[in-house]
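Shown next, in C-alpha cells, is the structure this report addresses.
Protein chains in written order, with my numbering: chain A, 138 to 407; chain B, 253 to 569.
Below, the structure written as C-alpha cells:
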C-alpha cells in the first residue's frame with residue numbers, strides 16, 4: 138500500500154514542483170534583485186549582495202519615501218470616500234425595494250465590463266479643464282471610481298447575508314431605523330466591509346494606469362516610481378519598490394478568507 | 253405607474269446636493285436620510301430613500317466612468333471639431349498589425365487561463381490525496397493580488413535573455429548559453445497575463461466546483477468513470493457560467509492593462525494599450541487614441557455583452 142502511495146507521489150511531485158517553479162521563480166528573482174549590488178551575465182546568481190540600494194530608497198531625500206507617503210494618503214482617502222458611498226448604496230441594493238434595480242446594477246457593473254484605459258484618457262482630458270490633472274484629488278477620484286464597484290458589490294453581499302429578522306427584532310423593540318442599522322446591521326456586516334476596505338486600499342495602492350494619465354508627473358505614487366525606475370534600468374530600486382507593493386498584497390491573500398466568510402463570498406455579484 | 257415612478261425619481265434627484273458636496277460626508281448623509289425618514293413617519297416612500305442612498309455612488313460612476321466612456325466614443329470621430337473617420341483611417345494605417353496582435357495575445361492568454369484554471373480547479377475538487385490538494389491550494393493563489401505593475405517588473409527580470417530563468421536552465425543543462433533567448437516579446441506578455449489571471453479564474457472556478465452536488469460525482473465514480481471524464485462530462489457543464497464570467501472579466505482586464513505591455517514589450521508589434529499611451533504622451537493625439545480605444549471597446553463589448561446578459565439573468569429574480 139505504501140509503495141503504491143510513493144509511486145503516485147512521483148507525478149504529483151513533478152507537477153507541483155513545476156507549478157512552484159512557475160509561481161515562486163519570478164518572486165525569488167525579485168527578492169534577489171532587491172539585495173543585489175552587482176549581477177551580470179553569465180552569472181546565475183548575483184556577484185555581490187548588500188543593502189546599499191535599500192539605504193538609497195529609504196533615505197529621507199529619496200523619492201521612495203515621499204511616493205510611499207503619497208500612495209498611502211491617496212489610498213486612505215479612496216477608502217473613506219468609496220466606503221462612504223458604497224455602504225448606503227449596498228444597504229439600499231440589499232434591503233430596500235428599489236425601482237430600476239436592474240438598471241442601477243447594470244450601471245454599477247459597466248466599469249467592470251469595459252476596458253478602462255480609454256476612459257482614463259478622457260478623464261484626464263476632462264480633468265485638465267477643471268485643473269484636476271496632477272492633483273491628489275484628481276487621482277483619488279479616479280481610484281474611487283475604480284474601487285467603488287468592488288466596494289458596492291461586497292457591501293451589498295455583506296448586507297444581504299445578514300438575517301433580516303435581527304433588524305426587525307431591533308425595530309420591534311422600539312429602535313429607530315437608523316439605530317437598528319447602527320447597532321445591529323453594521324456590526325454584523327463589519328467583517329465584510331473591512332475586507333472591502335482593505336481591497337479598495339490595495340487597489341488604490343497598486344493602481345497604475347489612471348495615475349499615469351491623471352497624476353503623472355506631478356503626483357508620484359509607488360507604482361509610478363517603480364515604472365520610472367524600471368524604465369531607467371534601475372532594477373534594484375524598481376525591485377525594492379515592487380517588494381513594498383507586494384507584501385500587503387500577499388498578506389491580504391492569506392487573510393481574505395477570514396474576513397469574507399463563504400456565505401458573503403457566495404453572494405458577491407448577486 | 254411608470255410616470256409616477258419617474259416623478260419620484262426626479263424628486264429624489266432634484267433634492268440632492270451636487271455629488272462632490274455629498275461624497276465629502278456621506279455618513280452625515282446616512283444620518284440625515286434616516287432621521288428624515290423617522291420624523292416624517294415614513295412619509296417618504298421607501299423607494300425614494302433607496303434611490304437617495306444609491307444616488308451618490310451612481311453619480312460617481314456616471315460622471316467619472318460613463319460620461320468619459322461616451323466622450324471616448326465621440327472623440328474618436330472628432331477631427332478638429334468636425335465629424336470624420338480620419339482618426340480610424342490613421343489608426344488602421346499605423347496600428348492594424350498591433351490590433352491583430354492584441355486580439356491574438358488576449359485570445360491565446362484567455363485559452364491558456366481557461367485550460368490551467370480548469371486543471372487547478374479540477375484537481376482541487378477531484379484530487380484524491382488531501383495533502384497534494386492542500387499544497388496546490390497553498391501554491392496557486394500567490395499571484396492573485398500581486399499588482400500588474402509588479403508582475404511586469406518581476407517577469408521583465410526573470411524572462412530576459414540573461415534572466416534568472418535562462419540562467420537556471422543553462423545551469424541544469426537543459427539549454428546551452430547560445431540557444432538562450434529573450435522571452436520579452438509576445439510570449440512575455442502572454443506569460444504575464446496567464447501568470448496573473450489564472451489564480452483569479454481558478455479561485456472562482458474551484459469555488460463553483462466545490463458547491464456542486466457531490467452525489468453525481470460519487471455516482472459516476474462508482475460506475476467506474478475516471479476523473480478526467482468526471483471533470484469534463486459532469487463537473488465542467490455545471491460550472492460553465494462561472495468559467496465564462498471569470499474569463500470575460502480577465503479579457504476586459506487584459507485589454508485595460510497598460511503596465512505589462514509597456515514594461516515587457518513596448519516595441520512594435522505591441523498591444524494597442526501601449527499605442528494609446530504613446531499617442532497621448534508623444535503627440536497629445538486624442539483623436540487616434542480614442543479611435544484605438546473604440547476598437548478595444550468593440551473587441552470587449554462583444555464579450556462584455558455575454559457577461560452582462562448572464563449577470564442580468566441572474567439578477568432578475
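Built from N, CA and C at the ideal position, the CB exists for glycine as well. The model shown is predicted, which means the values in this text are computed figures rather than measured ones.
Report yes if the C-beta distance between residue i and residue j is below 8 Å; otherwise report no.
i: residue 317 of chain A; j: residue 304 of chain A; result: yes
i: residue 289 of chain A; j: residue 227 of chain A; result: yes
i: residue 502 of chain B; j: residue 435 of chain B; result: no
i: residue 404 of chain B; j: residue 516 of chain B; result: yes
i: residue 374 of chain A; j: residue 195 of chain A; result: no
i: residue 181 of chain A; j: residue 423 of chain B; result: yes
i: residue 417 of chain B; j: residue 162 of chain A; result: yes
i: residue 575 of chain B; j: residue 253 of chain A; result: For residue 575 of chain B there is no data in the structure shown, the boundaries of chain B being 253 and 569.
i: residue 201 of chain A; j: residue 378 of chain A; result: yes
i: residue 320 of chain B; j: residue 147 of chain A; result: no
i: residue 338 of chain A; j: residue 287 of chain A; result: no
i: residue 361 of chain B; j: residue 445 of chain B; result: yes
i: residue 541 of chain B; j: residue 258 of chain A; result: yes
i: residue 438 of chain B; j: residue 357 of chain B; result: yes
i: residue 381 of chain B; j: residue 149 of chain A; result: yes
i: residue 328 of chain B; j: residue 556 of chain B; result: no
i: residue 494 of chain B; j: residue 460 of chain B; result: yes
i: residue 386 of chain A; j: residue 315 of chain B; result: no
For residue i, which residues in the same chain have their Cβ closer than 6 Å to its Cβ, ignoring the five residues on either side in sequence?
i: residue 376 of chain A; result: 167, 170 and 171
i: residue 293 of chain A; result: 227, 230 and 231
i: residue 280 of chain A; result: 215, 341 and 344
i: residue 552 of chain B; result: 504 and 507
i: residue 275 of chain A; result: 264, 269 and 351
With respect to the beta strand (DSSP E) encompassing residue i, which residues constitute its N-terminal and C-terminal limits?
i: residue 308 of chain A; result: Element bounds for residue 308 of chain A: not the beta strand (DSSP E) but the alpha helix (DSSP H), 301-309.
i: residue 175 of chain A; result: 173-175
In angstroms, rounded to a whole number, what distance separates the CA positions of residue i and residue j?
i: residue 565 of chain B; j: residue 157 of chain A; result: 39 Å
i: residue 198 of chain A; j: residue 345 of chain A; result: 23 Å
i: residue 351 of chain B; j: residue 218 of chain A; result: 37 Å
i: residue 536 of chain B; j: residue 350 of chain A; result: 12 Å
i: residue 250 of chain A; j: residue 413 of chain B; result: 36 Å
i: residue 393 of chain A; j: residue 325 of chain B; result: 38 Å
i: residue 365 of chain B; j: residue 266 of chain A; result: 41 Å
i: residue 337 of chain B; j: residue 558 of chain B; result: 28 Å
i: residue 304 of chain B; j: residue 223 of chain A; result: 12 Å
i: residue 240 of chain A; j: residue 306 of chain B; result: 12 Å
i: residue 279 of chain B; j: residue 334 of chain A; result: Note that residue 279 of chain B has pLDDT 40, beneath the 50 cutoff, so the model's placement of it is unreliable and the number below is only indicative. Spanning the two alpha carbons is a distance of roughly 15 Å.
i: residue 272 of chain B; j: residue 457 of chain B; result: With a pLDDT of only 38 at residue 272 of chain B, under the threshold of 50, the placement of this residue in the model should not be trusted, and no figure is reported.
i: residue 238 of chain B; j: residue 234 of chain A; result: Residue 238 of chain B lies beyond the range of chain B shown here (253 to 569); nothing can be said about it.
i: residue 104 of chain A; j: residue 389 of chain B; result: The shown model of chain A, from 138 to 407, leaves out residue 104 of chain A, and the question about it has no answer.
i: residue 485 of chain B; j: residue 455 of chain B; result: 21 Å
i: residue 187 of chain A; j: residue 481 of chain B; result: 53 Å
i: residue 278 of chain A; j: residue 211 of chain A; result: 10 Å
i: residue 332 of chain B; j: residue 539 of chain B; result: 9 Å
i: residue 152 of chain A; j: residue 392 of chain B; result: 12 Å
i: residue 204 of chain A; j: residue 399 of chain B; result: 17 Å
i: residue 307 of chain A; j: residue 327 of chain A; result: 18 Å
i: residue 443 of chain B; j: residue 513 of chain B; result: 11 Å
What residue range does the alpha helix (DSSP H) around residue i cover?
i: residue 531 of chain B; result: 524-535
i: residue 345 of chain B; result: 338-378
i: residue 492 of chain B; result: 492-508
i: residue 313 of chain B; result: 298-313
i: residue 267 of chain A; result: Per DSSP, residue 267 of chain A belongs to no alpha helix (DSSP H) and is neither H nor E.
i: residue 600 of chain B; result: This structure gives no information on residue 600 of chain B, because the portion of chain B shown stretches from 253 to 569.
i: residue 229 of chain A; result: 200-232
i: residue 284 of chain A; result: 273-297
i: residue 247 of chain A; result: 238-250
i: residue 485 of chain B; result: Note, residue 485 of chain B: premise wrong, no alpha helix (DSSP H); not H, not E.
i: residue 452 of chain B; result: 438-462
i: residue 429 of chain B; result: Element bounds for residue 429 of chain B: n/a, residue is neither H nor E.
i: residue 335 of chain A; result: 323-343
i: residue 466 of chain B; result: 466-474
Near residue i, which residues of its chain fall below 7 Å by C-beta distance, leaving aside the five closest residues on each side in sequence?
i: residue 207 of chain A; result: 356, 357 and 358
i: residue 408 of chain B; result: 436, 515 and 516
Could you pull out every residue in the same chain whose Cβ sits closer than 8 Å to the Cβ of residue i, ignoring the five residues on either side in sequence?
i: residue 385 of chain B; result: 375, 376 and 379
* Asked: Using a Cβ cut-off of 7 Å, which residues of the stretch 244-268 of chain A contact any Cβ in chain B, in chain order?
  -> 244, 245, 246, 247, 248, 249, 250, 251, 252, 253, 254, 255, 256, 258, 259, 260, 262 and 263
* Asked: Listed in chain order, which residues of the stretch 374-391 of chain A have Cβ atoms closer than 7 Å to some Cβ of chain B?
  -> 375, 376, 379, 382, 383, 386, 387, 389 and 390
* Using a Cβ-Cβ cut-off of less than 7 Å, list which residues of the stretch 488-512 of chain B approach chain A; keep chain order. => 501, 504, 507, 508, 510 and 511
* **Interface positions of the stretch 358-374 of chain A facing chain B (Cβ-Cβ less than 7 Å), listed along the chain** => 360, 363, 364, 367 and 372
* Members of the stretch 284-296 of chain A near chain B, C-beta cut-off 8 Å -> 285, 286 and 289
* Along the stretch 397-412 of chain B, what residues have a CB closer than 9 Å to any CB found in chain A? -> 397, 398, 399, 400, 401, 402, 403, 404, 405, 406, 407, 408, 409, 410 and 411
* Please list the residues of the stretch 316-328 of chain B that have a C-beta atom closer than 7 Å to any C-beta atom in chain A, keeping them in chain order. => 316, 317, 318, 320, 321, 323, 324 and 327
* Asked: Any residues in the stretch 325-358 of chain B with a beta carbon nearer than 8 Å to a beta carbon of chain A? Which ones, in chain order?
  -> 327
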